[in-house]
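Engineer: Just passing along the structure, written as structure tokens.
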Amino acid sequence: MKGLRNVRIEKGWSQVDHQRVETVTELVDIEWKNGKIVKISETTGDSLAEGWLDAGGRLALPGISEKHVHLDKTYFGMPWKACIPASSVLERSYIEKSILKKAEHTSEKRAENLFKHLISMGATSIRTHVDIYPEVGLSFYREVKKVTEKYPEIQTEIVAFAQHGFLNDDTISAMRQAIVEGADFIGSVDPATVDQDIEKSLRTLLEMAVEGNVGVDIHLHDPGHLGTYTIERLAKLTCEYGLQGRVYVSHAFGLGDVPTEALGSVIQAMKEAEIQIITTVPIGRNAPPVDWLDKQGIGVYLGSDNIYDSWWPTGNGDLVERLGRLLEKNRWTNEKALAASLKFITDGITPLSEQGERLWPCVGQDASMILTSAQCSAEFIARRTPREVVIAKGVRMY
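Just so we're aligned, residue 1 is where the sequence shown starts under the UniProt record's numbering, counting upward by one.
Spelled out as structure tokens, the structure:
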């Protein structure tokens, strides 16, 4: 593809009255080359040249960034099976091992089924965790990597993930090999309750990240002050090891359990370490206070986590639907609040600034976007209009 004609983009805000703001849009042509936007101009209405797509007035929005999935775990494409009850994370892990060992499809096939589905949901960027443990070594990692390499236009990040405990010599050795083979991040789970040694677990993980020059994305389910203590300790060690801006905490339930007025030292440490949070906006657990964290300057992003696997039978990979939970919880109902919330599923990108300046699309940015029949991003988020076209780095993917 060379570009889009007759595509709608956001231009600014219009103050209708003292209470109401509306989004102003315009029709343009967007041209790209080598995956980057090179020209944005008023739409000409000329007949289409080869390689151009008539958007038909549909709205272009930034591609969606799926920040947390497990491609290797999914049953996607397999016959239906519900979850087997488990009383703990460790018991659930053992159940999963047994099921995946006998799975009808390979990790590669299941992963690709879900990967393509996520693209249909608008994802042009996907971060996946992949289990590494002694019984499977790097087999899941290598099969998932084969999938991501088939779709170079999609920005992908693989987290080598010690789901079953990190402080095991064979696991540590396999994690190091995953880094050699191209893992972008490494991660572990609950240093206190799974590894049973917060300090050793965190230090070993961060030392490995420094040695391999990779980022860190850790699963932290531990509740209350145990969870917030772990985050604060992680933040301080992040600075000690020089990994500022490269460490993420997924779930971080403790931040939702502890009152915000008691989080002062934790937030300060997170700011200094540039720790970022990824949440699924769970129902039934105290999710991190996204709006409050955002106002404190902490980066927050959404992810789907488990999509039809041993851990959870539901999930459809639609981050716009998941964002809807935040809208309801925080009562974001006006035009600007709805539009601003898009950043939680687009790596921080919104079409307009608070002042109405256009931030996207701009020349030099990736030609990664979705087309939808909404009038503006606020309507897309509130009404969850379908993603009709998905383009990644100038290539139509859906």
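From the three backbone atoms N, C-alpha and C, an ideal C-beta is built for every residue, glycine too.
Closest Cβ-Cβ distance between residue 44 and chain B: below 9 Å?
Structural biologist: No chain B appears in this structure, which consists of one protein chain only.
Engineer: Since residue 192 and residue 222 should fall inside the 8 Å C-beta cutoff, what is the C-beta to C-beta distance between them, to a whole number of angstroms?
Structural biologist: The Cβ separation is near 5 Å, so the contact holds.
Engineer: Based on the DSSP output, what are the partners of residue 434 in its beta bridges?
Structural biologist: Residue 434 cannot be examined here, being either before or after the span of the chain that is shown, 1 to 398.
Engineer: Can you say whether residue 401 is buried or exposed, counting buried as having 16 or more other CB atoms within 10 angstroms of its CB?
Structural biologist: The shown model of the chain, from 1 to 398, leaves out residue 401, and the question about it has no answer.
Engineer: Look up residue 268 in the DSSP assignment and say whether it is helix, strand or coil.
Structural biologist: Residue state, collapsed to three classes: helix.
Engineer: Label residue 244 either buried or exposed according to how many other C-beta atoms from any shown protein chain fall within 10 Å of its C-beta, with 16 as the threshold for buried.
Structural biologist: Exposed is the call here.
Engineer: Buried or exposed: residue 170, going by 16 or more other Cβ atoms within 10 Å of its Cβ?
Structural biologist: Answer is exposed; the Cβ neighbour count stays below 16.
Engineer: Between 254, 133 and 35, which has its C-alpha nearest residue 153's C-alpha?
Structural biologist: Nearest option by C-alpha distance: 35.
Engineer: Helix, strand or coil, according to DSSP, for residue 156 in the structure here?
Structural biologist: Residue 156 falls in the strand class under three-state DSSP.
Engineer: Using a 10 Å radius around the Cβ and a threshold of 16 neighbouring Cβ atoms, would you call residue 80 buried or exposed?
Structural biologist: Burial call: exposed.
Engineer: Under the DSSP definition of a beta bridge, which residues are partnered with residue 117?
Structural biologist: Answer is none; residue 117 lacks a bridge partner.
Engineer: Check whether the segment 384-392 touches the segment 355-373, counting contact only when three or more Cβ pairs, one atom from each stretch, lie closer than 8 Å.
Structural biologist: The answer is yes - the segment 355-373 touches the segment 384-392, with three or more Cβ pairs under 8 Å.
Engineer: Express the C-alpha separation of residue 203 and residue 380 in angstroms, rounding to a whole number.
Structural biologist: Going from the Cα of residue 380 to the Cα of residue 203 covers about 43 Å.
Engineer: Classify residue 215 as helix, strand or coil using the three-state DSSP reduction.
Structural biologist: The answer is strand: DSSP assigns residue 215 an E or B state.
Engineer: Just the C-alpha distance for residue 331 and residue 274, rounded to the nearest angstrom, thanks.
Structural biologist: Going from the Cα of residue 331 to the Cα of residue 274 covers about 28 Å.
Engineer: Can you give the beta carbon distance from residue 214 to residue 185, rounded, assuming they're within the 8 Å contact cut?
Structural biologist: Going by Cβ atoms, the distance from residue 214 to residue 185 rounds to 6 Å, so yes, they are a contact pair.
Engineer: Would you mind reading off the limits of the beta strand (DSSP E) that contains residue 52?
Structural biologist: Taken as a continuous stretch (DSSP letters only), the beta strand (DSSP E) holding residue 52 covers 52-54.
Engineer: Buried or exposed for residue 134, going by 16 or more other Cβ atoms inside 10 Å?
Structural biologist: Residue 134 comes out exposed.
Engineer: Alpha helix (DSSP H) containing residue 123: first to last residue?
Structural biologist: Not the alpha helix (DSSP H): residue 123 falls in the beta strand (DSSP E), residues 123-131.
Engineer: Considering only residues of the same chain and omitting the five flanking positions on each side of residue 384, which have a CB-CB separation below 8 Å?
Structural biologist: The answer, listed in chain order, is 318, 320, 321 and 324.
Engineer: Between residue 138 and residue 126, which are expected to be in contact by the criterion C-beta below 8 Å, what is the C-beta distance as a whole number of angstroms?
Structural biologist: Going by Cβ atoms, the distance from residue 138 to residue 126 rounds to 20 Å, so no, they are not a contact pair.
Engineer: Return the chain-ordered list of same chain residues with a C-beta closer than 6 Å to the C-beta of residue 398, the five sequence neighbours on each side being excluded.
Structural biologist: 119, 120 and 390, listed in sequence order.
Engineer: Here's the rule I'm using: 16 or more other beta-carbon atoms within 10 Å means buried, otherwise exposed. How should residue 29 be labelled?
Structural biologist: Per the 10 Å Cβ criterion, buried.
Engineer: Less than 9 Å between the C-beta atoms of residue 57 and residue 7, yes or no?
Structural biologist: Closer than 9 Å, so yes.
Engineer: If you follow the alpha helix (DSSP H) that residue 327 is in, where does it begin and where does it stop?
Structural biologist: Start and end: 319-330.
Engineer: On the criterion of 16 or more Cβ atoms from any shown chain inside 10 Å, does residue 288 qualify as buried, or is it exposed?
Structural biologist: That one is buried.
Engineer: Starting from residue 377, trace the beta strand (DSSP E) both ways and give me its first and last residue.
Structural biologist: Per DSSP, residue 377 belongs to no beta strand (DSSP E); it is in the alpha helix (DSSP H), 377-383.
Engineer: Are residue 363 and residue 2 closer than 9 Å when you measure CB to CB?
Structural biologist: No, Cβ-Cβ distance for residue 363 and residue 2 is not below 9 Å.
Engineer: Below 6 Å CB to CB, which residues in the same chain sit around residue 360 once its five sequence neighbours on both sides are set aside?
Structural biologist: So the list reads 62, 349 and 351, once near-sequence residues are dropped.
Engineer: Let me confirm a value: residue 295 is counted as buried when at least 16 other C-beta atoms fall within 10 Å, else exposed. Which label applies?
Structural biologist: It counts as exposed.
Engineer: Just to confirm, is the Cβ distance from residue 206 to residue 130 under 9 Å?
Structural biologist: Contact flag unset, no.
Engineer: Do residue 335 and residue 21 count as a contact pair if the criterion is CB distance below 9 Å?
Structural biologist: It is a contact, given that the beta carbons lie within the stated cut-off.
Engineer: According to DSSP, is residue 180 helix, strand or coil?
Structural biologist: If DSSP states are grouped into helix, strand and coil, residue 180 belongs with the helices.
Engineer: Count the other C-beta atoms from every protein chain shown that fall within 10 angstroms of the C-beta of residue 396, then say buried if there are 16 or more, exposed otherwise.
Structural biologist: Exposed, by the Cβ-count rule.
Engineer: Excluding the five sequence neighbours on either side, which residues of its own chain have a C-beta within less than 7 Å of the C-beta of residue 42, listed in chain order?
Structural biologist: Excluding sequence neighbours, residue 42 sits near 28.
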